[in-house]
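These notes concern the structure reproduced below.
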Amino acid sequence: MTSLSYQTKPAPHGTANICLGCWDQMHIPIPIRGPLALPFRAFGITRSKMNPNICTICERSFRYVKKQRHIAADATILFADIRGFTVLAERMGVVELSEIVSIFHDRCAQAIWAHDGIVNKQMGDGLMAIFNFPIKIRDHSSAAIMAARDIQQRCAAALDSLEFDLDGLPGGALGVGIGIHTGEVEIGEFSSFRSDFTAIGGAVNLAARLESQAAAGEILVSAEAAAKAPVLVADTEVRRLSLKGIEQPVMAQVLIKM
Ligand SMILES: [Zn+2]
260 MTSLSYQTKP APHGTANICL GCWDQMHIPI PIRGPLALPF RAFGITRSKM NPNICTICER
320 SFRYVKKQRH IAADATILFA DIRGFTVLAE RMGVVELSEI VSIFHDRCAQ AIWAHDGIVN
380 KQMGDGLMAI FNFPIKIRDH SSAAIMAARD IQQRCAAALD SLEFDLDGLP GGALGVGIGI
440 HTGEVEIGEF SSFRSDFTAI GGAVNLAARL ESQAAAGEIL VSAEAAAKAP VLVADTEVRR
500 LSLKGIEQPV MAQVLIKM
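Each number in our numbering comes from the position in the sequence shown (counting from 1) with 259 added on.
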């Protein structure tokens with residue numbers, strides 16, 4: 260886990276004064292900015308690192324409020340990681356590597372927050388985002404696809420502006436690969452030692468598998484997610500994939516960074 264300074268940055272998608280997650284899920288206004296937020300802060304309720312427009316009650320997935328350990332939700336899951344990172348790690352110093360990783364996480368978070376998603380997990384050179392929980396999004400497949408395009412653009416621009424030379428890499432392989440799938444997931448706290456929520460289920464696995472097949476600059480969108488965002492995937496390539504652990508071939512739309 261990389262520790263990043265998300266909290267100090269302003270939210271790109273407006274700055275709500277109440278937690279959008281608590282409002283959407285429970286219609287309870289929890290102040291997260293301004294003077295009304297101060298007494299809440301004294302009780303440890305602050306803005307979440309997953310998205311600065313939600314609060315730490317959301318991170319506990321409303322367990323104490325709803326008295327439910329798990330919540331089933333229709334959601335869109337996005338996985339992204341840095342392609343070519345292993346090769347990069349062999350050729351670069353620790354300082355440059357960590358700079359690339361922090362640029363990646365920072366640009367991804369800005370793009371995901373701009374579309375009301377949350378950065379649920381960060382895993383070294385990769386991350387997992389959830390759309391439609393806890394902030395409700397009417398068209399969450401489209402929100403995730405737009406966030407993915409935004410990630411590709413922001414990361415490409417950032418990589419281009421790096422001071423050091425990436426030319427020695429095979430085939431200019433450095434870039435971001437993304438997988439997106441929409442389906443039902445279980446949301447809750449599934450670990451006895453971590454106190455924040457995540458999503459699990461077949462839909463999460465499929466999104467992760469799609470990401471593992473995405474080349475640098477590609478966004479692989481499952482048929483289920485694509486069906487809910489026809490305009491965004493119009494005229495894109497359909498690819499037939501054999502995915503690890505999934506018996507039948509899976510069809511995905513391939514969006515390529517322009
Ligand atoms: Zn909240």
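Think of the CB as a built atom: it goes at the ideal place given N, C-alpha and C, for glycine as much as any other residue.
N-terminal and C-terminal residue of the alpha helix (DSSP H) that S400 is part of = By 1-based counting over the sequence shown, the position of residue 400 is 141. Run containing S400: H399 to D419, per the alpha helix (DSSP H) assignment.
Measuring CA to CA, which of I515, I394 and V490 is closest to Q284?
-> Here residue 284 refers to the residue found at position 25 when the sequence shown is read from its first residue. Checked all of I515, I394 and V490; the closest Cα to Q284 is I394.
Unbroken stretches of the alpha helix (DSSP H), 4 residues or longer, contained in the segment 282-355 = 296-301, 315-318, 322-325 and 344-350
Hey, would you say L433 sits closer than 8 Å to L347, going by beta carbons?
-> Position 174 of the sequence shown, counted from the start, is the residue given in the question as residue 433. Position 88 of the sequence shown, counted from the start, is the residue given in the question as residue 347. Contact flag set, yes.
Distance cut-off 7 Å: I394 Cβ against heavy atoms of ligand 1 | Locating residue 394 in the sequence shown gives position 135, where the first residue counts as 1. Not so, every heavy atom of ligand 1 lies at least 7 Å from the Cβ.
Among G293, A296, A467 and T315, which one has its Cα closest to the Cα of G280?
-> Mapped onto the sequence shown, residue 280 falls at position 21. When only C-alpha atoms are compared, the closest one is T315.
Can you tell me whether DSSP reads L502 as helix, strand or coil?
-> Position 243 of the sequence shown, counting from 1, holds the residue named residue 502. Here L502 sits in coil by DSSP.
Around the Cβ of G430, are there at least 16 other Cβ atoms within 10 angstroms (buried) or fewer (exposed)?
-> Against the sequence shown, residue 430 aligns to sequence position 171. At G430, the pLDDT of 48 sits below 50, so the modelled position is not reliable; the number obtained from the coordinates is stated separately. Exposed is the call here.
H399 classed as buried or exposed, judged by whether at least 16 other C-beta atoms fall within 10 angstroms | To locate residue 399, count along the sequence shown from 1; it is residue 140. Looking at its Cβ environment, which holds 16 or more other Cβ atoms inside 10 Å, H399 is buried.
Expected contact under 8 Å - CB spacing of S481 and V509 to nearest Å = Translated into positions along the sequence shown, residue 481 becomes position 222. Translated into positions along the sequence shown, residue 509 becomes position 250. Contact flag correct, Cβ pair sits at about 7 Å.
Over the uninterrupted alpha helix (DSSP H) stretch that includes L514, give me the two end residues.
-> Numbered from 1 along the sequence shown, position 255 holds the residue referred to as residue 514. Counting along the chain, L514 falls outside any alpha helix (DSSP H), though it belongs to the beta strand (DSSP E) covering V509 to I515.
With C-beta atoms as the reference, is G376 less than 8 Å away from A406?
-> If you number the sequence shown from 1, residue 376 lands on position 117. If you number the sequence shown from 1, residue 406 lands on position 147. In contact: G376 and A406 (Cβ atoms closer than 8 Å).
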